[in-house]
Every structure is written in structure tokens, then in C-alpha cells.
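Student:
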Amino acid sequence: MATYDFDMGIIGAGSAGLTVAAGSAKFGAKTLLVEKDRMGGDCLHYGCVPSKTLIRTARVRHLMKNAPKFGLPAAALPPVDFREVRESILSVIGAIQKYDSPQRFCDLGVRVDFGIPVFTDEHSILLEGKTVSAKSWIIATGSSPSIPNIEGLAETPFMTNRDIFYLDALPPSLIMIGGGPVSIEMAQAFRRLGSQVTVVQLAGQILEQEDRDMADEVMNALAADGVRFCLNASVVRVGNNSGLREVTIMTKDGVEQALRAEALFVAVGRVANLEDLGLGQIGISYDRKGLKLDTRLRTTCRNIYGAGDVTGSYLFTHAAGYEGGIALSNAILRLPRKVDYRYLPWCTYTDPELAGIGMNETRARQAGIAYSVLSESFQGNDRALADRVPEGRIKLLLDNHGKPIGVQILGAHAGELMAEWTAYFSGGMKLYSLAGAVHPYPTLAEISKRVAGNALSEKIFSDRVKKTLRFFFNLRGRADCGASES
Ligand SMILES: Cc1cc2nc3c(=O)[nH]c(=O)nc-3n(C[C@H](O)[C@H](O)[C@H](O)COP(=O)(O)OP(=O)(O)OC[C@H]3O[C@@H](n4cnc5c(N)ncnc54)[C@H](O)[C@@H]3O)c2cc1C
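See below:
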């Protein structure tokens, strides 16, 4: 039997790679983790962590600005010094980085090497001039911002998620190309910090994966903050004009318009980081979006797996962790586990947040699934009113047997509220368990109990049930409210 230096080799120490490395070592596999840059990946340094920290900072400023709404005196709002914001972001990254450090992984029993590996055969890589082999490999090299082919972009300074958290100063004005979650989250945060923000979006709605009604409510919330939107607008060219970035857009009716701002941010999708790995020479198929994988996350070389953004499927940290676990079970435990994305939740961290799981109306229509929708507004939730966050609602999609197939929540803490539905769907719970569970009052989570209760009430309070109760218990029906007597 062939022997290898390691049982498991992992390339990329980000969300997927770190999950796999820790799990692999815990199973007792001799594990190598190879990273070309810093441990922690995009999520820690250029993605989830800095963006959520920035969003929180921007929200605090927004609350200060709105102090009178809470019965407080108006607060002074001096301009933002972005260097201070940057320090605060770095301090949060620093706190998390400790858990992603080479030392911690070394203590877990993982060998961590730095460099750019190149596959020489399906079991071996060349790393810093040395050949290292492993029985199984997991490619977890993540993704990078996709740079669109726009005239003049190469000659015009622009930012991506790699720069925007580390600025020296807040840009007085900012044009964002792209209307996906990354761009929309940053648009609101920078607007709330004091930048004038314009979002240019090719499609007729922002957050294209979402139902139009929910995405429009997010857009209206950002517009209320002062973000300007150009929808159905294609970028014709970009350039510099008197020290400003100039973006020429064409609207749906063919009219050209020039937008100008101090800074330009591009977020129009992602490209998998697969180019430097020598995958072609060992026959692994991939394209710009990601690796060609089967449902067990195996590449066209059966001992090499993919996890995280390189799958090109769901570009989230929690998806990366989930896929890492699937790849690990297949590679180490030889358990033929398959990925199942049906109940993978997601959340866009705007204010209000927009979170979802399972089917939304757009997906159900695309899949040809008949559905009905039950909706409940946060206007009817006492905690939302007390917190002064009455915006938004929950949408529960039911199939034609009345079984839930998806949930979207637009509102404060929607991402947190999704936890209950994640447990519901992944645990195969019954709707009456959710509807019957006692929730603390007053909480935003009561909205989930209420919509679940509404889904059941049609059955529970049907005319047939009422007739039966009347028969058995001699109930006498509706009371006269007395209005006609007064
Ligand atoms: C602005 C922004 C905000 C985001 N917010 C969220 C959020 O709130 N929630 C969420 O779930 N997701 C969020 N994401 C997505 C999330 O960051 C990614 O889905 C996640 O980081 C993917 O994990 P990964 O392990 O595939 O890649 P990464 O975490 O990026 O890790 C890949 C690692 O591989 C290394 N690498 C690359 N090439 C090589 C090579 N050739 N050799 C060796 N090492 C290599 C990289 O240096 C990196 O360390 C956000 C993304 C962005 C851009």
C-alpha cells in the first residue's frame, strides 16, 4: 500500500480549511494545512468580520443621529475619523485571529506551512521546493472579487472588499458598482458614517436572489438613509475627471449619464482562487466560478475534494464550514455523505436585515412549486414597537399540503430569528411544536410563533371543528357585542 507524508492535506486556511483542519486532527488524522497568506481567510480579514464590525459602528452613529426618536436630546455628531473606525475593526479581527493562529492549530496537532503549493500529481504538491504528499486533499482556497471588463477601469483607482475596511479617511462620496449583498451592506454603512453613496445596479432590483417585494423594502430603507440608486443601469465606462472618479452609466431607455464621486467600489461577484494550483496538469476540471464537484464534493480526482467558495455554490462562511464537514466525512471516515443545500440559511446584514431559508417565492416559481404565503408584520410585535424597529415582516411559504417550504424575515435581528427556523427545518420539527412553544415576552421571536400559529389556525378553528365542539360541549357561538343596543 502506498504511504504518504500526511493522511490529510488542506490548501487554504480560511473558513472551510480551518474547519477541516481542526476536525481532521481531532479524528486523529496526520494533517497538513497550507496557507499562502494569513490564517483566517477572507471572512476574517476582508469579509464577514470587518463588514459586520463596520455595520455595527455605522448603526451606533445612526442611533446617535436619531436620539430624539428615543426621547433623548440630540447628540453632537462630529465627522467620522475613519482611522479610528479602522482601529476598532482591527481590534475585533485581532480578538478572533487568536483562535485562527498557527499556534492554536499546532496545539491541535496540525502542521501549518506557508507558501503557494502546486499539484504535481493527485497525491503530491510542490511547496517551497519540497514535495509533500497526502492520501486525501481538500482545496479550500476561497474566492476573490470578480473585476468586470469595463472600459477605463484598469486605469482608474477603485476599491474592492480587500481595501474598503482599511481606508485612511472616509470618502466624502462613493459610487458602488453592483447591487448584491456586499455592495448593499457597505452602501448603508458608509452612508450612515457620512458618505454620499450611489449604487449602480444592472438589474431592476437589488439583491437579485431575493423576492422583489422584500428586496424593494431593503432598498427603500437605504433610500430613507439617503442612499441613491440607479437601477437597470449598465456601466459604459469609468475614468478620472478633475480628481474625481467618473462613472458613465446607460439607463434602460438608452440615456447616458455621468456620475462622479471621490471613490469607487466594485462588488459584482466572485471568482474562485484556483489558477495557481496546477489543477489542469492533474486533470481537475474547474472554471471561473469553481471546481467541478460531485454531491460528495469530490473533484474529478476522487481523493481531492473542494469546500468553501471554490465550490461556487453558496458563498457563505457557514456554507464553507458545512461543506468542510461533508468533505472530511467522505475523505477520512469514508462515509458517503452528500451535500444538501435545501435548508441552508442566509442573511444580508442591512438595517433591517433580510434573512431566508428554503424556498422564497422566486425560487418556488422557478421550481414550478405551487405555494401560498402567510405574512406577519413587525407592526404587530410589541418588542419591535418598544425597540422602535417596526419595519419589516415574516413570510412563511407553504406547499399545497400546508407544509412549510421556506421562510424569509425582513426586520431587526432577522439573522438571529432565523435560528429557530433553521432548527425547525433541519430537525424535521412539526409546526405545532413551534406554534405551541412558549416564547418569552416581549421578544421579536414571537413573530415566528405567531406565523406558525396562523398556519395552523385555519385547521384548528375550521367551521367543522367549531360545529363539533358546539355539539359536544353545548357552546353557544358568537356573543352579541351590544353595539346595536347603545
Ligand atoms: C465583504 C464580504 C462580507 C461577507 N460577509 C459574510 C457574512 O456576513 N456571512 C457569511 O456567511 N459570509 C460572508 N461573506 C462570505 C465569506 O467571507 C466567504 O464565503 C468565506 O470566507 C469562504 O470561506 P473559504 O474558506 O472558502 O475562503 P476564505 O475564507 O477566503 O479562505 C481561503 C484561504 O485560502 C488561501 N489561499 C488562496 N489561494 C491559495 C493558494 N494558492 N495556496 C494556499 N492558500 C491559498 C487564502 O489566503 C485564504 O486564507 C462575506 C464576503 C465578503 C467579501
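Each residue of the sequence shown is one higher than the one before, counting from 1130 in our numbering.
Every residue, glycine too, gets a C-beta built ideally from N, C-alpha and C.
1) What distance in whole Å lies between the Cβ atoms of ALA1158 and GLY1450, which are believed to be in contact at a cut-off of 8 Å?
2) Hey, out of GLY1544, LEU1546, LEU1563, GLU1545, whose CA is closest to TYR1553's CA?
3) Going along the chain, which residues of its own chain have a beta-carbon closer than 6 Å to the beta-carbon of GLY1535, five neighbours each way excluded?
4) Using DSSP's beta-bridge definition, name the partner residues of GLN1232.
5) Rounded to whole angstroms, what's the CA-CA distance from PHE1445 to ASP1171? Just pull it up for me.
6) Contact between the region 1453-1463 and the region 1276-1296 is defined here as three or more beta-carbon pairs at a separation below 8 Å; is this criterion met?
7) Can you tell me which of the three DSSP states ASP1250 falls into?
8) What residue from VAL1247, ASN1195, THR1182, CYS1235 has the CA that sits closest to GLU1216's CA?
9) Between which two residues does the beta strand (DSSP E) holding PRO1202 run?
10) Closer than 7 Å by C-beta to ALA1387: which residues in its own chain qualify, once you throw out the five before and the five after it? Chain order, please.
11) Within 7 Å (strictly less), CB to CB, does ILE1267 reach chain B?
12) Under a three-way DSSP split, which group does ASP1242 fall into?
13) If the criterion is Cβ atoms closer than 7 Å, does the pair ALA1316 and VAL1329 meet it?
14) Looking at the unbroken beta strand (DSSP E) that takes in ASN1583, where does it start and where does it end?
15) Can you look up PHE1294 in the DSSP assignment and give me helix, strand or coil?
16) If you draw a straight line from the C-alpha of VAL1384 to the C-alpha of ASN1278, how long is it?
17) Which residue comes first and which comes last in the alpha helix (DSSP H) that contains TYR1553?
18) So who's on the other strand from GLY1487, going by DSSP bridges?
19) Tell me the residue span of the alpha helix (DSSP H) that contains ILE1152.
20) Does the region 1148-1157 touch the region 1197-1213, meaning 3 or more C-beta pairs lie closer than 8 Å?
21) Buried or exposed: where does ALA1203 fall if 16 or more other Cβ atoms within 10 Å of its Cβ makes it buried?
22) Three-state secondary structure (DSSP) at PRO1474?
23) Starting from ASP1342, trace the alpha helix (DSSP H) both ways and give me its first and last residue.
24) Quick one: what's GLN1325 bridged to in DSSP?
25) Curious, which full-length beta strand (DSSP E) runs of at least 3 residues does the region 1398-1457 contain?
26) Within this structure, are the beta carbons of ALA1396 and ILE1304 separated by less than 7 Å?
27) Leaving aside the five residues before and after LEU1256 along the sequence, list all residues of the same chain whose C-beta is less than 7 Å from its C-beta, in chain order.
28) Could you tell me the boundaries of the beta strand (DSSP E) in which VAL1384 lies?
29) With a 10 Å radius around its C-beta and 16 neighbouring C-beta atoms as the bar for buried, classify TYR1434 as buried or exposed.
30) Determine which residues share a DSSP beta bridge with PRO1274 and list them.
31) Following a CB-centred definition, is SER1253 positioned closer than 6 Å to any heavy atom of ligand 1?
32) Exposed or buried, HIS1174, counting other C-beta atoms within 10 Å across all chains shown (16 or more means buried)?
33) Closest to LEU1503 by CA distance: which of ALA1548, VAL1365, GLU1587 is it?
34) Return the chain-ordered list of same chain residues with a C-beta closer than 6 Å to the C-beta of ARG1366, the five sequence neighbours on each side being excluded.
35) Taking 7 Å as the threshold (C-beta atoms), are ARG1517 and PRO1571 in contact?
36) Alpha carbon to alpha carbon, what distance is there between ASP1250 and ASP1528?
Tutor: With the given structure in hand:
1) Contact doesn't hold; Cβ gap of about 18 Å is too wide.
2) Nearest C-alpha to TYR1553: LEU1563.
3) Only GLY1487, MET1488, ASN1489, LEU1526 meet the Cβ criterion.
4) According to the DSSP secondary-structure assignment, GLN1232 is paired through a beta bridge with no residue.
5) Whole-angstrom Cα-Cα distance: 11 Å.
6) Output reads no: the region 1276-1296 does not touch the region 1453-1463.
7) The three-state reading of DSSP puts ASP1250 in strand, counting E and B together.
8) Out of VAL1247, ASN1195, THR1182, CYS1235, THR1182 has the C-alpha closest to the C-alpha of GLU1216.
9) Taken as a continuous stretch (DSSP letters only), PRO1202 belongs to no beta strand (DSSP E), as it is neither H nor E.
10) The answer, listed in chain order, is GLU1375, THR1377.
11) The structure shown contains no chain B; it holds only a single protein chain.
12) Of the three classes helix, strand and coil, the one that applies to ASP1242 here is strand, per DSSP.
13) No, the Cβ-Cβ distance between ALA1316 and VAL1329 is not below 7 Å.
14) Per DSSP, ASN1583 belongs to no beta strand (DSSP E); it is in the alpha helix (DSSP H), 1575-1589.
15) Helix, per DSSP.
16) Each residue's alpha carbon lies about 21 Å from the other.
17) Element bounds for TYR1553: 1543-1555.
18) In DSSP, GLY1487 forms a bridge with GLY1535.
19) Note that residue 1152 is Gly in the sequence shown here, rather than Ile. From DSSP, the alpha helix (DSSP H) with GLY1152 extends over 1144-1155.
20) Counting Cβ pairs under 8 Å, fewer than three are found: no touch.
21) By the 10 Å Cβ count, ALA1203 comes out exposed.
22) Note: PRO1474 maps to coil in three-state DSSP.
23) Counting along the chain, the alpha helix (DSSP H) containing ASP1342 begins and ends at 1341-1354.
24) In the DSSP output, where bridge partners are listed per residue, GLN1325 has SER1302.
25) You should have 1399-1401, 1433-1435.
26) Not in contact: ALA1396 and ILE1304 (Cβ atoms no closer than 7 Å).
27) Cβ contact annotation for LEU1256 (same chain, cutoff 7 Å, sequence separation greater than five): VAL1163, ASP1242, GLY1244, PRO1246, in chain order.
28) Bounds of any beta strand (DSSP E) do not take in VAL1384, whose DSSP letter is neither H nor E.
29) A buried status is given to TYR1434, since no fewer than 16 other beta-carbon atoms sit within 10 Å of its beta-carbon.
30) Note: PRO1274 sits in a beta bridge opposite ARG1399.
31) Remark: the C-beta of SER1253 is outside contact range of ligand 1, defined as less than 6 Å to any heavy atom.
32) When all chains shown are included, HIS1174 counts as buried.
33) Among ALA1548, VAL1365, GLU1587, the Cα nearest to that of LEU1503 belongs to GLU1587.
34) Around ARG1366: GLU1280, GLY1281, THR1377.
35) With contacts defined by Cβ atoms closer than 7 Å, PRO1571 and ARG1517 do not form a contacting pair.
36) In this structure, the alpha-carbon of ASP1528 lies about 49 Å from that of ASP1250.
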